[in-house]
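Step one of this worksheet: look at the structure below.
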DNA sequence: CGCCCTATTATACGACCGTATAATTATTGC
DNA sequence: GCAATAATTATACGGTCGTATAATAGGGCG
C-alpha cells in the first residue's frame with residue numbers, strides 16, 4: 002500500500018494523489034486503506050519512513066563495499082547518490098511531496114527531521130574520519146551541513162532538469178568538494 | 002490575482018489550492034480567473050514568472066549596492082539570499098509548487114529552465130570576475146553549478162527545519178565556500 | 001446615443017473526493 | 001468447530017472541484 006502511494010506520488014504528484022487513487026493502485030477498496038491509515042497525510046508519513054529506510058540501507062550497503070577508508074567511503078557515498086535508483090526523477094517527485102508536507106504536518110516534520118539528522122550524522126562521521134586519516138582539523142559540523150546541502154541541491158536540480166548538467170558532472174562537483182576538504186582549511 | 006495565487010500556495014500548498022480558492026483570495030468570481038487563465042497550471046506558471054522576476058530584481062539591487070568588487074558582490078548575494086524576504090518558509094512553499102510542476106508541465110519546465118539559467122549565469126559571471134580579480138584560474142561553469150546547488154540546498158533545508166542550523170550558519174557556510182574558491186584550485 | 005468588445009458574475013452540471021456506516025469475508029484463539 | 005476479532009468490501013451522503021454557458025455590467029468610440 003505504501004508502495005502504491007509512492008507510485009502515485011511519483012506519477013501524479015501530491016496534488017493529483019487521493020486515497021481513492023492509492024486504493025486503485027494497490028488493487029483494494031478505498032475503505033480498506035482508510036481502515037489502516039487516517040488519510041493522505043498518514044499515508045505519506047509512512048511512505049516517508051519506508052523510503053527513508055530504503056535509501057539509508059542502499060547507502061549503507063555501498064559504504065560497506067567501499068572498505069574502511071573514510072575518503073573511499075565518502076566518494077562511494079557520492080557515487081551512489083548520483084546513480085539510479087537514487088538519481089531518479091520519480092524519487093524526486095515523491096520527495097517533493099515529503100518536503101511539501103514537512104511544513105504543515107507535524108508528524109511528517111518529525112520524520113523529516115529524523116531522516117535528515119541521520120543523513121547528516123553519517124556524513125559528519127565520515128568527514129571526522131577523513132580529518133583523522135589526513136591528520137588535519139576540519140569543522141565537521143559545518144562541513145557536514147555544507148555537503149548535505151550541496152548533494153541535495155545537485156540532486157534536486159539535476160532531476161528537475163537533467164539537460165543543465167549531467168549526473169557525471171554532479172558527481173565530479175561533489176568529489177571535487179571532498180578533495181577541497183582535504184586540502185583547504 | 003497572481004499575488005492571490007502566491008498567497009494560496011504559501012498557505013495551503015499546491016495540493017490545497019484550487020481555482021476557486023484563488024478567486025476567493027483575490028475577491029473575484031471563479032469564472033473571472035478562468036477567463037484570464039486556463040487553469041491552475043497556467044496560474045502557477047505566471048506566478049513563477051512574476052516571482053522569479055521579483056527575486057532577480059531584489060538580488061540585482063543588492064549587487065548594485067555592493068559596489069564593483071566581485072568578491073563583495075558574491076558575499077552580498079549570499080547575505081541577501083539568507084535574509085528575509087528571500088529566506089522565508091512561505092516562499093519555499095510557493096517554490097515547492099513550482100518544482101512539483103516542473104516535471105510534468107512543459108510550460109513551467111521552460112520557465113524553470115530560464116529562471117535557473119539566469120541565476121547560474123549571474124553567479125558564473127561573478128565567479129569569473131573573482132578569478133580575474135585574484136589572478137587565478139577557476140572552472141567557472143562547475144563552480145557556478147556547485148554554488149547554485151549549495152545555496153539552493155542550504156535555503157531549502159533551513160526553511161524546512163530552521164532548528165537544524167541558523168540562517169547565519171547557512172550564510173557562513175556559503176561565505177566560506179567562496180573563500181575556499183579564492184584559495185583552493 | 002448606441003454599439004462592440006471586454007470584464008465580470010451567476011448558475012448549473014457532472015465528476016471526484018473524504019468519510020461514515022453497515023455488511024461481508026477471512027483469520028485467529030480457544 | 002465456533003466464537004471473537006480483524007480484514008475487506010459495498011454503498012451512500014455531503015462537499016468541493018473544474019468547467020461550460022448564458023446573462024450582466026462597463027467602458028471606449030464613432
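Protein chains in written order, with our numbering: chain A, 2 to 186; chain B, 2 to 186.
A virtual CB, placed ideally from N, CA and C, is assigned to each residue, including glycine.
This one's a predicted model, so the numbers in the text were calculated from it and none came from an experiment.
Alpha helix (DSSP H) segment containing residue i, residue limits
{"i": "residue 14 of chain B", "result": "No alpha helix (DSSP H) holds residue 14 of chain B; DSSP gives it neither H nor E."}
{"i": "residue 54 of chain B", "result": "41-66"}
{"i": "residue 106 of chain B", "result": "Here residue 106 of chain B belongs to no alpha helix (DSSP H), and DSSP marks it neither H nor E."}
{"i": "residue 32 of chain A", "result": "31-37"}
{"i": "residue 78 of chain A", "result": "71-82"}
Spatially closest choice to residue i from the options, by CA coordinates
{"i": "residue 140 of chain B", "options": "A/142, A/160, A/170 and A/43", "result": "A/170"}
{"i": "residue 158 of chain A", "options": "B/164, B/120 and B/76", "result": "B/120"}
{"i": "residue 163 of chain A", "options": "A/88, A/100, A/179 and A/14", "result": "A/88"}
{"i": "residue 214 of chain A", "options": "A/49, A/20, A/37 and A/137", "result": "Absent from the structure is residue 214 of chain A, since the part of chain A shown begins at 2 and ends at 186."}
{"i": "residue 147 of chain B", "options": "A/70, A/90 and A/175", "result": "A/175"}
{"i": "residue 96 of chain B", "options": "B/184, B/69 and B/9", "result": "B/9"}
{"i": "residue 154 of chain B", "options": "A/131, A/100 and A/181", "result": "A/100"}
{"i": "residue 43 of chain A", "options": "A/133, A/107, A/156 and A/93", "result": "A/107"}
{"i": "residue 105 of chain A", "options": "B/36, B/73 and B/160", "result": "B/160"}
{"i": "residue 103 of chain A", "options": "B/103, B/93 and B/102", "result": "B/93"}
{"i": "residue 116 of chain A", "options": "A/28, A/55 and A/136", "result": "A/55"}
{"i": "residue 137 of chain B", "options": "B/124, B/178, B/182 and B/80", "result": "B/182"}
{"i": "residue 142 of chain B", "options": "A/173, A/82 and A/77", "result": "A/173"}
{"i": "residue 82 of chain B", "options": "B/118, B/98 and B/124", "result": "B/124"}
{"i": "residue 130 of chain A", "options": "A/111, A/156 and A/69", "result": "A/69"}
{"i": "residue 79 of chain A", "options": "A/156, A/166 and A/165", "result": "A/156"}
{"i": "residue 180 of chain B", "options": "B/98, B/111 and B/72", "result": "B/72"}
{"i": "residue 57 of chain A", "options": "A/45, A/122, A/33 and A/25", "result": "A/122"}
{"i": "residue 1 of chain B", "options": "A/177, A/118 and A/25", "result": "Limits of chain B in this structure are 2 at one end and 186 at the other, which puts residue 1 of chain B out of reach."}
{"i": "residue 45 of chain A", "options": "A/111, A/135, A/133 and A/132", "result": "A/111"}
Whole-Å CB distance - residue i paired with residue j, under 8 Å assumed
{"i": "residue 7 of chain A", "j": "residue 84 of chain A", "result": "Actually they are not in contact, since the Cβ atoms of residue 7 of chain A and residue 84 of chain A sit about 19 Å apart, beyond 8 Å."}
{"i": "residue 145 of chain B", "j": "residue 128 of chain B", "result": "6 Å"}
{"i": "residue 47 of chain A", "j": "residue 3 of chain A", "result": "5 Å"}
{"i": "residue 20 of chain B", "j": "residue 5 of chain B", "result": "The pair is not a contact, with the Cβ atoms about 11 Å apart (cut-off 8 Å)."}
{"i": "residue 16 of chain A", "j": "residue 15 of chain B", "result": "5 Å"}
{"i": "residue 27 of chain A", "j": "residue 91 of chain A", "result": "Rounded, the Cβ-Cβ distance is 17 Å, inconsistent with contact."}
{"i": "residue 64 of chain B", "j": "residue 74 of chain B", "result": "5 Å"}
{"i": "residue 185 of chain B", "j": "residue 185 of chain A", "result": "5 Å"}
### Query
Residues in the stretch 94-128 of chain A with C-beta within 9 Å of chain B's C-beta atoms, listed in sequence order?
94, 97, 98, 100, 101, 102, 103, 104, 105, 110, 113, 114, 117, 118 and 121
### Contained alpha helix (DSSP H) runs [length at least 4] in the stretch 135-170 of chain B, N- to C-terminal order
141-161
### Task
Taking only beta carbons into account, state which residues of the stretch 128-157 of chain B come closer than 8 Å to chain A, listed in chain order.
143, 146, 147, 149, 150, 151, 152, 153, 154, 155 and 157
### Message
Tell me which residues of the stretch 5-23 of chain B have at least one Cβ-Cβ distance to chain A shorter than 7 Å, keeping chain order.
### Response
14, 15 and 16
### Message
Please identify, using Cβ separations under 9 Å, the residues of the stretch 69-88 of chain A that lie next to chain B, in order along the chain.
### Response
none
### Query
What are the residues of the stretch 37-69 of chain B that lie near chain A, defined by any Cβ-Cβ distance shorter than 7 Å?
none
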